[in-house]
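First residue of the sequence shown: 5, per our numbering; consecutive thereafter.
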Amino acid sequence: MDVKNTVSGYLEEHKNNRSNAFVEFIKRTFKEGKLDHNQIRRAVLQRFQAQDKTAVFFGSLLLQLDNEEIHELLNEKL
């Protein structure tokens, strides 16, 4: 499984879905210039507590990328 392509597909599919709290948090934090691994971990923890298994899975995949890859991916998809 290619992590970057998997996360890219998920973001592409859900970027306009305002009911997806995980993607909305990532978009907002990225646009504010505050997105880093700690913010992603915080979002994953919140979605874990809300029992959103899909967001936890994709957040965990996102954490496998380095900051440069994350920013590059989000610039493309969001």
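Glycine included, every Cβ here is placed at the ideal spot set by N, Cα and C.
All values reported here derive from a predicted model rather than from experimental measurement.
Through-space distance from residue j to residue i, alpha-carbon basis
i	j	result
R22	F34	16 Å
E80	K38	17 Å
L77	N24	18 Å
L67	K57	15 Å
I74	Q53	24 Å
Buried versus exposed, by CB contacts within 10 Å (16 or more), residue i
i	result
A59	buried
Candidates the options, of which the one nearest residue i by Cα
i	options	result
H41	T10, G63, V11, K8	G63
Q55	K8, I30, Q43, F26	F26
T10	L82, D70, L65	L65
C-beta neighbour in chain D for residue i, strict 7 Å
i	result
R22	Absent from the structure is chain D; it holds one protein chain and no more.
Three or more C-beta pairs below 8 Å linking the stretch 11–18 and the stretch 46–56: At 8 Å Cβ cutoff, the stretches do not touch.
Counting only runs that start and end within the stretch 18–64, where is the alpha helix (DSSP H) found for 4 or more residues in a row? Whole alpha helix (DSSP H) segments, 4+ residues: 25–35, 41–53.
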